[in-house]
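Reviewing the structure listed below.
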Amino acid sequence: MYRVLSLAALALLTACQPLPQPFQPTAADKGSVVALLPQDTHGVAVLEVTGLPTALSGPLRAAVAQALRDEDIPAAVDIAHRGAILLRGEATLVPLSAQEEELQITWFLVPPEGGSVRSFLRRDALPRGQAQAPSGPLLDRMARGVTTALLPMLSAAANEAQGVRGVTIWGIDGAPGDGRVALKRSLEFILKENGVRVVDAETAEALVVTGNVTLGKPINGQQTIQLRWVLHLPDGTELGTVEQENQIPAGSLDKTWGEAALFAAEGAFEGLAALLEKAPPISAK
Numbered sequence: 001m002y003r004v005l006s007l008a009a010l011a012l013l014t015a016c017q018p019l020p021q022p023f024q025p026t027a028a029d030k031g032s033v034v035a036l037l038p039q040d041t042h043g044v045a046v047l048e049v050t051g052l053p054t055a056l057s058g059p060l061r062a063a064v065a066q067a068l069r070d071e072d073i074p075a076a077v078d079i080a081h082r083g084a085i086l087l088r089g090e091a092t093l094v095p096l097s098a099q100e101e102e103l104q105i106t107w108f109l110v111p112p113e114g115g116s117v118r119s120f121l122r123r124d125a126l127p128r129g130q131a132q133a134p135s136g137p138l139l140d141r142m143a144r145g146v147t148t149a150l151l152p153m154l155s156a157a158a159n160e161a162q163g164v165r166g167v168t169i170w171g172i173d174g175a176p177g178d179g180r181v182a183l184k185r186s187l188e189f190i191l192k193e194n195g196v197r198v199v200d201a202e203t204a205e206a207l208v209v210t211g212n213v214t215l216g217k218p219i220n221g222q223q224t225i226q227l228r229w230v231l232h233l234p235d236g237t238e239l240g241t242v243e244q245e246n247q248i249p250a251g252s253l254d255k256t257w258g259e260a261a262l263f264a265a266e267g268a269f270e271g272l273a274a275l276l277e278k279a280p281p282i283s284a285k
């Protein structure tokens, strides 16, 4: 059993006390995308997008591959080495008006060696005729949109390929106002944004996060808030805890948490990420 107390989130919270919003992270705490591909995977192969004019198909695929490489993800057009993740698309052009049409592309991400096929729909409004003669800025904009949607999917594919467990969030006790719901939704959002697979219900493999909020007595218009997050194995074994503490205006969270819930979740994830790395993979016995 891992007994890990993450102090990163605690330091983050105490450092930001002068800010008007509690739990607000600093710019340095927003991590970059790393380790998105499964081990032994040979990058991403950007394959055919059916339904596109020839003048758009090739340049768009090249732009998507370049946008992935800009994120340090190996990518190439049509070159599918053994072990490569395959990206393909199905496109439709839908007239919107005499001057505009909408390009709808459903992209499919196919992992190597089987696994779950993931898909998403991307919509882009184009001036009439641009699909037959796309401009550089248009291609760059579309490629960036595709890549932004792909990054968490690539991370999820990596987790699946490497036997990484999903995570479910149980109750968050003691939170005033709408904190119980707001904190849960915010933490789920931050987990997904960082490529962690979030499951809605308890499963035999899913890790479980529980939370507890404690408020101190108001003193001179301020009160202490403490958050404690615990990561459990499915059998209830505790892997570790993340603790956060800050001073807030007394009563400021009694009704709505607003952005404070998101700031708290961002701080909590910094500690939870270290615990998730220590969790045994699904294949472990």
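Just so you know, UniProt numbering puts the end of the sequence shown at 285, numbered straight through with nothing missing. Just so you know, even glycine gets a beta-carbon here, dropped at the ideal spot from N, CA and C.
For residue i, which residues of its own chain have a beta-carbon under 7 Å away from its beta-carbon, when the five flanking residues on both sides are left out?
{"i": "Ile-79", "result": "Ala-45"}
{"i": "Gln-223", "result": "Leu-215, Gly-216, Lys-217, Ile-248 and Ala-250"}
{"i": "Ala-279", "result": "Arg-165, Leu-207 and Leu-239"}
{"i": "Val-94", "result": "Glu-101, Glu-102 and Gln-104"}
{"i": "Glu-188", "result": "Ile-169 and Val-198"}
Does DSSP put residue i in a helix, a strand or coil?
{"i": "Val-251", "result": "The sequence shown places Gly at residue 251, rather than the Val named in the question. Coil."}
{"i": "Gly-240", "result": "strand"}
{"i": "Arg-165", "result": "coil"}
{"i": "Ile-225", "result": "strand"}
{"i": "Gly-177", "result": "coil"}
{"i": "Leu-233", "result": "coil"}
{"i": "Gly-51", "result": "coil"}
{"i": "Ala-76", "result": "strand"}
{"i": "Leu-183", "result": "helix"}
{"i": "Pro-95", "result": "strand"}
{"i": "Ala-131", "result": "coil"}
{"i": "Thr-148", "result": "helix"}
{"i": "Arg-197", "result": "coil"}
{"i": "Pro-281", "result": "coil"}
{"i": "Trp-107", "result": "strand"}
Measure the beta-carbon distance from residue i to residue j and round it to whole angstroms, keeping in mind my assumption that it falls under 8 Å.
{"i": "Ala-264", "j": "Leu-183", "result": "6 Å"}
{"i": "Leu-103", "j": "Leu-150", "result": "Actually they do not touch by this definition, with Cβ atoms about 17 Å apart."}
{"i": "Thr-147", "j": "Glu-71", "result": "6 Å"}
{"i": "residue 317", "j": "Val-77", "result": "No answer is possible for residue 317: the residues shown for the chain start at 1 and end at 285."}
Kindly indicate the opening and closing residues of the alpha helix (DSSP H) around residue i.
{"i": "Asp-70", "result": "54 to 70"}
{"i": "Ala-274", "result": "259 to 278"}
May I ask which residues mark the beginning and end of the beta strand (DSSP E) holding residue i?
{"i": "Ala-204", "result": "Careful: Ala-204 lies outside any beta strand (DSSP E) and carries neither H nor E."}
{"i": "Ser-119", "result": "118 to 127"}
{"i": "Ile-219", "result": "Premise fails: Ile-219 is in no beta strand (DSSP E) and is neither H nor E."}
{"i": "Thr-256", "result": "Neither: Thr-256 is in no beta strand (DSSP E) and is coded neither H nor E."}
Could you pull out every residue in the same chain whose Cβ sits closer than 6 Å to the Cβ of residue i, ignoring the five residues on either side in sequence?
{"i": "Ser-57", "result": "Val-49"}
With a CB to CB cut of under 8 Å and the five nearest residues on each side skipped, what residues in its chain are close to residue i?
{"i": "Val-117", "result": "Phe-108, Leu-109, Val-110 and Pro-111"}
Counting pairs of beta carbons, one from the region 119 to 130 and one from the region 165 to 174, are three or more of them closer than 8 Å?
no
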